[in-house]
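Residue numbers (our numbering), protein chains in the order written: chain A, 1 to 276; chain B, 1 to 226.
Below is one structure, written out as structure tokens; the observations come after it.
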């Protein structure tokens, strides 16, 4: 066994770190002790279940099973991103289509070019990273678009009143939303290795792979995350624009979303922590 | 004379609801071409909704709106909005300087044309190079009016254009409306100011509780524009 990989006893021992976090939360009266305990228990249970299922999928389900797994991840990611964009018309199909398209194009390109092999043990983790990146970008794009459409209605309608088509009237707001969505991906790509050692590379090094081999994987991961985020954000923005305006180039009425409702979404919950 | 003028807009039993709220209830009226029509009534009566129907920023749930006898959905909506320009109650500026603002209404506008538009709304040509951020409320409202005029519309829809202006700026806007009608255009104006409606409107539509209570035939003012 690779000495860097912890035993189950080691995993149990790491609960001491959770106990430390709970103690700090309790001592500082943060009212987070229960939530930290539940989160740690959920993480352990979820990852154990996922590990067991992956074991079966790798052994028996083949490539079709891997793509099925990815499809389920895309559906869940679409729901998470759509909940962020609560109040946006057709948020669920828009978010799901954006994540699906970003994932399909990125993973498909990697497979077609032979950058990654068509084995379930490659497709599932790589696809998972792509889905996660696409989900984060789609969620930020759709949230910003909804906020822009609601806050900038007078500006948008002033442009519409000058005879501008919806796409032109909304363009400045669409560009702002896209920039906001993509800046985190661009920044993490710029600073990778300087202020952080990314997950894939860290995992490979911990598993005993040479750092020079690990960085090859990491470079591919960074490029694919950049592409997945850009594609998902762009597709989400275009589809959302169609959903926000009707055929007569009118901005549809948008329901008022209170800050409490926004908090009730995935923001501040476990799902948001999965966003890079 | 008002009765013989050709009809510009026809509203035929127009009802508008938004989110379960009734905004207009079975409103029918004719708005004549070539004159200024004022729409008055208390706040929440549906005046702005009525104005927004005329350039399809709103769509009726029931009934129909026609321009020169043609239902609005049969017309190209982008061309319609260039023909029927709406100026909102609160000035909304889209660009960083005055010349660019006018070019938002008409791309390719040269400086002489832009200066002419400023002159139309009683603003000095020297303002062309000024940033829009420093304009007063009155200047911004008149600039929005000039931006709308830049597209050479046939109809001006003015939503309380003088409600936040000083007397001089308000008079300048009224003069623009008057000149626009004199040049063959039509104006539909929302106003709470009886003096203003009597000065510039040939007919007055009164909306109360989302219904029309006076038709053009029952106008409260038939004064010709001075």
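Glycine included, C-beta positions come from ideal geometry on N, C-alpha and C.
All figures in this text were calculated on a predicted structure; none of them were measured in a lab.
query: Can you tell me whether DSSP reads residue 119(B) as helix, strand or coil?; result: helix
query: In whole angstroms, give me the CA-to-CA distance for residue 53(A) and residue 253(A).; result: 44 Å
query: Leaving out the 5 sequence neighbours to the left and right, which residues in its chain are closer than 7 Å to residue 127(B) when beta-carbon positions are compared?; result: 98, 118
query: Per DSSP, which residues does residue 40(B) bridge with? Please list them.; result: 206(B)
query: By a C-beta neighbour count over all protein chains shown, 10 Å radius and 16 as the cutoff for buried, is residue 208(A) buried or exposed?; result: exposed
query: Can you check whether the C-beta of residue 81(B) is within less than 8 Å of a C-beta belonging to chain A?; result: yes
query: Assign residue 166(B) to buried or exposed, taking buried as 16 or more other Cβ atoms, counted over all protein chains shown, within 10 Å of its Cβ.; result: exposed
query: List the residues of chain A that residue 151(B) touches, going by C-beta distances under 9 Å, in chain order.; result: 162, 163
query: Any C-beta of chain B sitting closer than 8 Å to the C-beta of residue 155(A)?; result: yes
query: Among 19(A), 158(A), 33(A), which one has its Cα closest to the Cα of residue 25(A)?; result: 33(A)
query: How big is the Cα-Cα spacing for residue 184(B) and residue 153(A)?; result: 32 Å
query: Show which residues of chain B have a CB atom less than 7 Å away from the CB atom of residue 175(A).; result: Going along chain B, no residue has its Cβ under 7 Å from residue 175(A), so there is no contact; the nearest lies around 15 Å.
query: At the 8 Å Cβ level, is residue 226(B) part of the contact set with chain A, yes or no?; result: Summary for residue 226(B): the model assigns pLDDT 34, below 50, so the residue's position carries little reliability; its value from the coordinates is reported in the next sentence. By this cut-off, residue 226(B) is not an interface position.
query: Does residue 59(B) get closer than 8 Å to chain C when you measure Cβ to Cβ?; result: This model lacks chain C altogether, as its protein chains are A and B.
query: Let me know if residue 246(A) comes out buried or exposed under the rule of 16 or more other beta-carbons within 10 Å of its beta-carbon.; result: exposed
query: Drop a sphere of 10 angstroms on the beta-carbon of residue 153(B), count the other beta-carbons inside from all chains shown, and report buried for 16 or more, exposed for fewer.; result: buried
query: For residue 116(A), does the three-state DSSP call read helix, strand or coil?; result: coil
query: How long is the line joining the alpha carbons of residue 85(A) and residue 176(A), rounded to whole angstroms?; result: 16 Å
query: Once DSSP output is grouped into helix, strand and coil, what is the label at residue 195(B)?; result: helix
query: If we count the other Cβ atoms within 10 Å of its Cβ and call it buried at 16 or more, is residue 241(A) buried or exposed?; result: buried
query: Could you tell me whether any Cβ in chain A is nearer than 8 Å to the Cβ of residue 104(B)?; result: yes
query: Along the chain, where does the beta strand (DSSP E) that runs through residue 76(B) open and close?; result: Counting along the chain, residue 76(B) falls outside any beta strand (DSSP E), and DSSP gives it neither H nor E.
query: Going along the chain, which residues of its own chain have a beta-carbon closer than 8 Å to the beta-carbon of residue 77(B), five neighbours each way excluded?; result: 56
query: Using a C-beta cutoff of 8 Å, does residue 89(A) count as contacting chain B?; result: no
query: Quick one: is residue 277(A) buried, meaning 16 or more other Cβ sit within 10 Å of its Cβ, or exposed?; result: Not covered by the structure: residue 277(A). The range shown for chain A is 1 to 276.
query: Can you tell me whether residue 158(B) is helix, strand or coil according to DSSP?; result: strand
query: Going by C-alpha to C-alpha distance, which of 225(A), 15(A), 230(A), 193(A) sits closest to residue 212(A)?; result: 193(A)
query: Mind checking whether residue 65(B) and residue 205(B) have CB atoms under 8 Å apart?; result: no
query: For a contact meaning CB atoms closer than 7 Å, what does residue 158(A) contact in chain B?; result: 88, 92, 94
query: Just to check my reading of the structure: residue 93(B) and residue 101(B) have Cβ atoms closer than 8 Å, yes? What is that Cβ distance to the nearest angstrom?; result: 6 Å
query: Per DSSP, what kind of secondary structure is residue 153(B) in: helix, strand or coil?; result: coil
query: Can you name the residues of chain B whose CB is closer than 7 Å to the CB of residue 248(A)?; result: 56, 59, 77
query: Within 10 angstroms of its Cβ, does residue 131(B) collect 16 or more other Cβ (buried), or is it exposed?; result: exposed
query: Answer yes or no: do residue 142(A) and residue 81(A) have a C-beta to C-beta separation smaller than 8 Å?; result: yes
query: Would you identify the three-state DSSP class for residue 63(B), choosing helix, strand or coil?; result: strand
query: Threshold first: 4 residues or longer. Then list the alpha helix (DSSP H) segments lying entirely within the stretch 99-170 of chain A, N to C.; result: 120-151, 153-161
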